[in-house]
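Here the structure comes first, spelled out in structure tokens, and everything after it is commentary.
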Amino acid sequence: MDPKEMDGVRQRLARRLMLVSRRHFVLSNMMLEKTGIGSGQVPILMELQRHGEMTQSVLAEHVRVTPATMSGTLKRMERDGHIARRGDELDARVSLVRLTEAGERLCERAHELFIKSDELMFEGVSNEECERMYATLETALKNLETAIQGESHEKATPLP
Numbered sequence: 821m822d823p824k825e826m827d828g829v830r831q832r833l834a835r836r837l838m839l840v841s842r843r844h845f846v847l848s849n850m851m852l853e854k855t856g857i858g859s860g861q862v863p864i865l866m867e868l869q870r871h872g873e874m875t876q877s878v879l880a881e882h883v884r885v886t887p888a889t890m891s892g893t894l895k896r897m898e899r900d901g902h903i904a905r906r907g908d909e910l911d912a913r914v915s916l917v918r919l920t921e922a923g924e925r926l927c928e929r930a931h932e933l934f935i936k937s938d939e940l941m942f943e944g945v946s947n948e949e950c951e952r953m954y955a956t957l958e959t960a961l962k963n964l965e966t967a968i969q970g971e972s973h974e975k976a977t978p979l980p
């Protein structure tokens, strides 16, 4: 395959990856809507399930949102009974957040829905094809991480 043809394949593949990612996101959100949870709440639920009770500020850092965004989202989640907050005994300025039993159940339901959306996405794709795709995407991810760290993007031709 000549280099120009290869570039065309890579560009088509990159566009297809973006489309697959967006469509998977749309499907997952459609499925989540039925549970009454917004996609912005999922990372919070998962983080609290994974790490247990934590401060609101640490939780905001972990899910990479602003403290103001976290505060608003937690208010809704608390209103809906998915999380509980309490003051820290050592520092009254600190708010500790944890999942409630209802939040735990919702988290499990979200996991089930993500598994289902993955099953739908890979229907008709063999395990061998998935393994090859995974290995290829791992290489692509490492390449992107290297570029983000500034080790290779200097090679790119600057725009006029």
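Counted the way the working numbering counts, the sequence shown spans residues 821 to 980.
Every residue, glycine too, gets a C-beta built ideally from N, C-alpha and C.
| query | result |
| --- | --- |
| Could you give the distance in angstroms between the alpha-carbon of arginine 830 and the alpha-carbon of alanine 960? | 11 Å |
| On the CB-based measure, 16 or more other CB atoms within 10 Å of its CB, does glutamine 969 come out buried or exposed? | exposed |
| Please work out which residues of its chain come closer than 8 Å, Cβ to Cβ, to leucine 946, disregarding the five sequence neighbours upstream and downstream, and give them in chain order. | Per the sequence presented here, residue 946 reads as serine, with leucine not at that position. Result list for serine 946: empty, nothing under 8 Å. |
| For arginine 906, which three-state DSSP category applies? | strand |
| Just verifying my parser: in three-state terms, what is the DSSP assignment at valine 846? | helix |
| Give me the residue from Gly856, Ile903, Gly858, Glu939 with the minimum Cα distance to leucine 765. | The structure shown does not extend to residue 765, since the chain spans only 821 to 980, so no value can be given for it. |
| When DSSP labels each residue in this structure, what does valine 885 get in the three-state scheme? | coil |
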